[in-house]
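Below is one structure, written out as structure tokens, with a few remarks after it.
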Amino acid sequence: MSLLVTTTVNNVKVFNVTPGKGIPAFLSKQERKNMQEAPTNKQRIDVLQDLTFPTLTTKARFSNDCQYFAACGCYPPMLRLYDLGNTGLKVQRNTDSEIVDFHFLSDDYQLMALVETDRNLEFHNKGGKLYKMRIPRPPRCSTFDCHTPQLIVGGVGGQLYRVDLQEGRFRTSWNTPSLSRKLISSDAFGVNALAYSPETCLTFAADGHSLSTYDARTKGGIVSSIALENEGTAVAVDKTGLQIAAGTSESDVILYDIRSSHPLHQFTHHSDLPIKEIHFHTSYSTHTLISADSRSIRMFRPDENIASTTSKSKLFCVIEPDVTINSFTVFPESGLLMVPCEDMVINTFYVPELGPSPVFAAFLDDLAADMSTNALTSSYEGLYFVTKEDLEKVGLDLVADSSLCIPYMHGFYIDKALYDKAKLANTSLNAPAPQSAPETAPERTPIGTRKRVIQGKDSGRTTQSSVQEKRRAEDHVRDLFGAD
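Residue numbers for the sequence shown follow UniProt numbering, so the first one is 1 and each next one is one higher.
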């Protein structure tokens, strides 16, 4: 059992602890058993058992008491709940349509809300589905106000729908900042992301043109609005409720203080892909801003002493999975990331410098410590990286196109033993001859006294001796390599 080091940026190690390949549900019982007993599956690391979905996963969250983990995916659309204490699947809930978002309404899994693509809101208790209702427009995002309590849903159009969970009815909807009615009525415009701060009791919404702040204690709801240069696609608020991060469709992440309309920091993913998820993470008394697009997850540690609109935040770490990212979630005060993606298996990564391993996966710290010394060299310890010129120097240029050399970038990977033998053989052949007495320069003969006919040398003997030397050299090389 081993961990795989995926990347090291700024000497920060990222360990890929994804549970290997998923087993398709359509296989027969015997075929599934054979895949489970395969050597590659026996050596894999399972942070949680059965962390697979039939096709893909879209969203994941940890419960407020950090005892449960839930993820939704398709196809068929479903929600799976995992018990972290037993590190296994607890319950699976199937739905009629795909789940856009979900929330834990209680500290554990006993009350949950599911937002679905067909405009349905489902409320579940520990026994199953409890109630179902519809909203006027297709949803895109949601957030849970635990103080009111109310579920706020945003989607197509210029309104935020509020569901009073105590009275079981709709409250007056909140309107987005005034724009042209033609734009608001179109299906392209809508609220793309929502976030709620329990400390300040404020709700933050990102739409196509602005980052807005709402307060349920005021009439009309909206408190302030900041114009964005590009479409807002993600939003998050830190634990203090004083800092907001907004992601845009052009891979930019902008950090604001709620007391000012001027950004504190602005940095980019340099991918021109929309930001899908933003998260404020605190561990080891260090604050980290984590953002993700469909290609990579980037972690930044802003310098609080510098306020600038340029990229003054330090890039802490980068994670680039081999699949398309849909979202991510981080276990509180730890270095474990769960990444729902376009894959059957939820990708799992562990960053020791981001935080310690959680209680249910405490073994990750020991495995990471064992891998810290040899993780980077274990895959290439028996190979040399050489160029074409290096092969020519040792006489192996003829095997450059064979299976003995693995092409990579501007050179080749070659077996160490083979290269060392060839180098030794070439050194013995090109060893300098014993030094003899220095030769004196031939005396120049006056032009008038030179012989008109110069006798030729015996070239036949010289050619024959050189051929014999080459044959002896070839026999010597064959003896070194053990060739027949």
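Note that CB positions come from ideal geometry on N, CA and C, so glycine has one too.
Because the structure is a prediction, the values reported are computed rather than measured.
An exposed status is given to V359, since fewer than 16 other beta-carbon atoms sit within 10 Å of its beta-carbon. Less than 7 angstroms separates the beta-carbon of T18 from that of N347. C-alpha of L111 to C-alpha of R171: approximately 21 angstroms in a straight line. Taking the CA atoms as reference points, V12 sits about 8 angstroms from F316. Here C72 is bridged, per DSSP, to K59, L79.
Taking the Cα positions, F204 is about 11 angstroms away from Q243.
Check the Cα spacing between E98 and each of G190, T55, L51: the tightest is with T55. Note that the C-beta distance between T143 and I135 is not below 7 angstroms.
Shown here, F189 sits in coil according to DSSP, grouped into three states, outside any helix or strand. Residue pairing by DSSP puts Q266 in a beta bridge opposite I254.
If you compare the alpha carbons of E342, F189, S63, G88 with that of L160, the shortest gap goes to F189. Under the DSSP assignment, E333 falls outside any beta strand (DSSP E); it carries neither an H nor an E label.
Below 8 angstroms, too few C-beta pairs join the region 118-135 and the region 392-404 to call them touching: fewer than three. DSSP places D215 inside the beta strand (DSSP E), whose first and last residues are 210-215. For E389, the uninterrupted alpha helix (DSSP H) run begins and ends at 388-393, by DSSP.
With respect to K59, P340 sits close: the two C-beta atoms are nearer than 7 angstroms.
Here V323 really is in contact with E342; their C-beta atoms are around 5 angstroms apart, less than 8 angstroms.
Distance from the Cα of A216 is smallest, within the candidate group H209, T233, Y196, for Y196. Scanning its chain for C-beta atoms nearer than 7 angstroms, with the 5 sequence neighbours on each side dropped, one finds around A422 the residues V394, G395, L396, in chain order. In summary, K416 is exposed, with fewer than 16 beta-carbon neighbours lying within 10 Å of its beta-carbon over all protein chains present.
Between G335 and V351, the C-beta spacing is below 7 angstroms. As computed with DSSP, P19 is found in no beta bridge at all. Judged by beta-carbon spacing, L273 lies within the 7 angstroms limit of S251, meaning their Cβ atoms are closer than that value. N10 is classed as exposed because its beta carbon has fewer than 16 other beta carbons within 10 Å across all chains shown. Note that the C-beta distance between F349 and N16 is below 7 angstroms. Counting along the chain, C341 sits inside no beta strand (DSSP E), nor does DSSP assign it H or E at all. In terms of Cα proximity to D101, the closest of V91, N94, C72 is C72.
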